[in-house]
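Worksheet: the structure to be examined is printed underneath.
Protein chains: 2
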Amino acid sequence: MQKSQVTIKHIAQELGIAISTVSRALQNHPRIGLKTKERVFEVAKRLNYVPNPAAILLKKNKTNTVGVVFPYLQEEFFSQAITGIEDVISAKGYNVVISQSKDKLERENRAIKSFISSRVDGVIASISAETTQYYPFKELENHGIPLVFFDRVPKDVAVNKVRGNILEAAFEATIFLAKKGFSRIAILNGPSNLEISNERLEGYWKALKSLNLPIVQQYIKSTDLTKDSTSKKMEELLLLPEKPQAILCFNDYVALFAMQSCRQNGVIPNTDIHFVSFANLPITAYLDNPPIASVEQFAYKMGEQAATLLLKILESNEESEIIPEEIIIDTELIIH
Amino acid sequence: MQKSQVTIKHIAQELGIAISTVSRALQNHPRIGLKTKERVFEVAKRLNYVPNPAAILLKKNKTNTVGVVFPYLQEEFFSQAITGIEDVISAKGYNVVISQSKDKLERENRAIKSFISSRVDGVIASISAETTQYYPFKELENHGIPLVFFDRVPKDVAVNKVRGNILEAAFEATIFLAKKGFSRIAILNGPSNLEISNERLEGYWKALKSLNLPIVQQYIKSTDLTKDSTSKKMEELLLLPEKPQAILCFNDYVALFAMQSCRQNGVIPNTDIHFVSFANLPITAYLDNPPIASVEQFAYKMGEQAATLLLKILESNEESEIIPEEIIIDTELIIH
DNA sequence: CTGTTAGCGCTTTCAC
DNA sequence: GTGAAAGCGCTAACAG
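Protein sequences, first through last, are from chains A and B. Numbering of the first sequence is given in UniProt numbering, commencing with residue 1 and proceeding in unit increments. Numbering of the second sequence is given in UniProt numbering, commencing with residue 1 and proceeding in unit increments.
Right under this line is the structure:
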């Protein structure tokens, strides 16, 4: 029971023909006789032949594989996106290899290194909460590997991006809270190296301004997305003389952590303080008391778009200079 | 900016030495002069040399990659296990490629096919809820690819397995409920093609017997793990003239679905009907009203063990006949 | 210590 | 239509 190493050579021998003929037959080359093809396919199947991708890669210098680095696979937002990516990618005969950074720069780097050494054709990435520099991704560029950023895109860099219309969503969410009658609206934001954090903040600002509400610095907090950090910032908000009446959270997980922290401090979420968050994850469906609204970001669709953009780049003329593209997906505020 | 194709040939030319010398230097071969090595490494770094894995594979016929197929990556039980696997595997210089079956036989098959064609060295698998036959995995055997089953192991087949001591856990959980004073204990089990479902059932039976409680057929339900199926079975339990007082659930997700279904039918979970489940996932920490207890299965440790077993097989003499091994990890009932 | 050479499995000119 | 042969990047005898 050792590794079956059936090669086209075996097929050729069995049939008494040249290996080049077998190769062509297997590729459905037009100039090969129909009968020959049939015989080749029959023997290939019978022998359990599986082409050796290494040999093909060596020859063609193309792995037909794209790499994906996301912070957490278990977050539904990302896992839905991965499904979208996989569906598009595999329909085109490519494979996907998935890595998670767990929001650690070091793991992100390792993933990128491994993508380079395994010669993936392209990469889709959502940067870790620790990533403050574009640098690690520069390596991919050096090796000529096309890159599409997803959701968590780096700022101030001309790169391919697919992301939600977060500014608009934050604006709407804030307006929604104001219309509910709340004037003291806080924001529990993500780390400021993420452009999507800044966009939330801008949307929040824009809304407050348009409502003629004051911008209170103490109501603006950012967490590193961990439970500890989030609880700490939430407690700071609870200690303010004028507690916020409502909080816009970076995502559902931040909202859940914050709501837990409230409960531990004797504050009843969505009664004493109302929560709105981003992502609209299925997890909220399990809760007796979910955030009162959440921004649906259509992760699956975003994944599809990212994959489509990457494939477009891969299949464009490699020599042509490519100008970075930015795709923005509209969101929708879902009221629970 | 095209794919940099720096090869050892370039390094050899640059230095005016033979490519074999470069190859050996890069591998730290003992018989290469220290100075030569230094020069080779210097040039390699400067030229941004990355070894071509395809060429190595073609030569050595070893990808240093293991494949993992799990039902759902977003379930913490599996994602924790993957982290355990990754940590062990990457410490040994192997790579991991991850696939999810989404509990669909067809996706599972696709993943296995892809593992075969990409020539992974070994596979770790947790079978889908739809998989009733060992068959799809037989293909791996045909290609001499070692396989370790994880948690969801097929029944009646001599294969490598790493799993929790589910029978014991179900026994203890049932005893726990009985000690709480409940005599009408139901079980919302998983599909019967999963051995771990049968073990839960056996543990449950064993406990009831030891307690001299009757085994009531109407209290034994199995779901296919989807929300719909679980809700349906839960409603059947609610319609019984003698509703159960407590329910042992296949896992936390089944418990959450069942608890939702209770609420929708005016039954208060953990007040009217008490829940105990398997997995002890972090998700339960977000709930105001989690199951009263959950069986911690130590997914990370299970992942480590599975990876260790697979590596042991990979690194054993390939010719030696391997007898399947079964590793059983003890569980712990966590009371919330 | 280093160089020469064959060959891993496959594709692809270039012949016929 | 099919075959012969070169070569992708690398490793590992086999020579020195």
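The beta carbon of each residue, even a glycine, is placed where N, CA and C say it ideally should be. Because the structure is a prediction, the values reported are computed rather than measured.
- Keeping to the same chain, check which residues put their C-beta closer than 7 Å to that of I215/B; ignore five residues upstream and five downstream. Taken in chain order, the residues that qualify are W205, L208.
- Query: Mind checking whether E202/A and L167/A have CB atoms under 8 Å apart?
  - Reply: In this structure, L167/A lies closer than 8 Å to E202/A by Cβ.
- Task: Tell whether a beta-carbon distance below 8 Å holds between L310/B and P146/B.
- Result: Yes.
- Item | Residue-chain proximity (D228/B, chain A), Cβ-Cβ < 8 Å | Chain A, which has no Cβ nearer than 8 Å to the Cβ of D228/B, makes this no.
- Query: Can you list the beta strand (DSSP E) stretches of 3 or more residues lying completely in the stretch 224-309 of chain A, in chain order?
  - Reply: The qualifying runs are 246-249, 274-279, 293-296.
- Please compile the residues from chain A whose C-beta is within a distance smaller than 9 Å of the C-beta of P51/B. Close to P51/B, with beta-carbon spacing below 9 Å, are these residues of chain A in chain order: S117.
- Inter-residue spacing [alpha-carbon to alpha-carbon] between L10/B and I116/A: Here residue 10/B turns out to be His, not Leu, going by the sequence shown. Going from the Cα of H10/B to the Cα of I116/A covers about 19 Å.
- Message: What does the alpha-carbon distance come out to for the pair F171/B and R200/B?
- Response: Distance from the CA atom of F171/B to the CA atom of R200/B, rounded to whole angstroms, is 8 Å.
- Mind listing the chain A neighbours of S114/B? Cutoff is C-beta to C-beta under 7 Å, in chain order. What S114/B touches in chain A: N95.
- Message: Is the separation between the beta-carbon of G93/B and that of N64/B shorter than 8 Å?
- Response: For the pair G93/B and N64/B, the CB atoms are nearer than the 8 Å cut-off.
- Please go through the same chain and pick out, in chain order, the residues whose beta-carbon is closer than 6 Å to the beta-carbon of T284/B, but skip the five residues on each side of it. Hits under 6 Å: D252, P290.
- Message: Give me, in chain order, the residues of the same chain whose beta-carbon lies closer than 8 Å to that of I313/B; leave out the 5 immediate sequence neighbours on both sides.
- Response: For I313/B, same chain residues with a beta-carbon under 8 Å away, outside a window of 5 residues either side, are G122, P146, V148, N160, I322 in chain order.
- Message: Output needed in chain order: residues of the stretch 282-293 of chain B with a Cβ under 8 Å from some Cβ in chain A.
- Response: Near chain A, meaning a CB-to-CB distance below 8 Å, the residues of the stretch 282-293 of chain B are I283, A285, Y286, L287, D288, N289.
- Message: Please report whether the beta-carbon of L225/A lies at a distance below 8 Å from any beta-carbon of chain B.
- Response: Closer than 8 Å: no.
- Query: With C-beta atoms as the reference, is E141/B less than 8 Å away from D103/B?
  - Reply: Taking 8 Å as the Cβ cut-off, E141/B and D103/B do not qualify as a contacting pair.
- Task: List the whole-angstrom C-beta distance separating S128/B from P71/B, where the pair is believed to meet the contact cut-off of C-beta under 8 Å.
- Result: About 6 Å separates the two Cβ atoms, so the contact holds.
- Item | Meets three-Cβ-pair contact criterion under 8 Å: the stretch 11-23 of chain B and the stretch 34-45 of chain B | Touching, per the Cβ criterion.
- Compare the beta carbon distance of L73/A and L73/B with 8 Å and say whether it is the shorter of the two. With respect to L73/B, L73/A sits close: the two C-beta atoms are nearer than 8 Å.
- Item | Exposed unless 16 or more other CB atoms sit within 10 angstroms - verdict on N95/B | Buried, because 16 or more other Cβ atoms sit within 10 Å of the Cβ of N95/B.
- Message: Between N193/B, S192/B, F176/B, which has its C-alpha nearest I185/B's C-alpha?
- Response: Nearest neighbour of I185/B by Cα position, chosen from N193/B, S192/B, F176/B, turns out to be F176/B.
- Item | Local conformation of Q100/A per DSSP, three classes | Under the three-state reduction of DSSP, Q100/A is assigned to strand.
- When Cβ atoms are compared, which residues of the stretch 193-220 of chain B fall closer than 9 Å to chain A? Taking 9 Å as the Cβ-Cβ cut-off, the stretch 193-220 of chain B has no residue approaching chain A.
- Task: Rounded to whole angstroms, what's the CA-CA distance from F278/A to G84/A? Just pull it up for me.
- Result: Near 19 Å, if we compare the C-alpha coordinates of G84/A and F278/A.
- Helix, strand or coil at V69/B according to DSSP, with G and I counted as helix: Residue state for V69/B is assigned as strand, using DSSP reduced to three classes.
- Task: Have a look at T132/A and T230/A and give me their C-alpha separation to the nearest angstrom.
- Result: Roughly 20 Å separates the two Cα atoms.
- Task: Using a Cβ-Cβ cut-off of less than 9 Å, list which residues of the stretch 62-77 of chain B approach chain A; keep chain order.
- Result: Of all residues in the stretch 62-77 of chain B, T63, T65, Y72, L73, Q74, E75, E76 have a Cβ within less than 9 Å of some Cβ in chain A.
- Message: So if DSSP puts L188/B in a beta bridge, which residue, or which two residues, is it bridged to?
- Response: Note: L188/B sits in a beta bridge opposite K221/B, C249/B.
- Task: State yes or no: is the beta carbon of I98/A nearer than 8 Å to at least one beta carbon in chain B?
- Result: With respect to chain B, the C-beta atom of I98/A has a partner C-beta closer than 8 Å.
- In the structure shown, what three-state DSSP assignment does N160/A receive? Three-state DSSP puts N160/A in a strand.
- In chain B, which residues lie with their C-beta within 7 Å of the C-beta of Q27/A? Here the premise fails: no neighbours, minimum Cβ distance about 15 Å.
- Query: Taking 8 Å as the CB-CB cut-off, is S183/A touching chain B?
  - Reply: False, the Cβ-Cβ gap to chain B never drops below 8 Å.
- Query: Is the shortest distance between the beta-carbon of N251/A and the beta-carbons of chain B less than 8 Å?
  - Reply: Residue-level contact by beta carbon fails for N251/A and chain B, as no gap is shorter than 8 Å.
- Query: Going by the CB atoms, is the gap between L333/B and A178/B shorter than 8 Å?
  - Reply: In this structure, L333/B does not lie closer than 8 Å to A178/B by Cβ.
- Task: Check whether the stretch 262-276 of chain A touches the stretch 232-252 of chain A, taking contact to mean three or more Cβ pairs, one atom from each stretch, closer than 8 Å.
- Result: At 8 Å Cβ cutoff, the stretches touch.
- Message: Quick check: the Cα distance between residue 337/A and A258/B, rounded to an integer number of angstroms?
- Response: With chain A covering 1 to 336 only, the question about residue 337/A has no answer from this structure.
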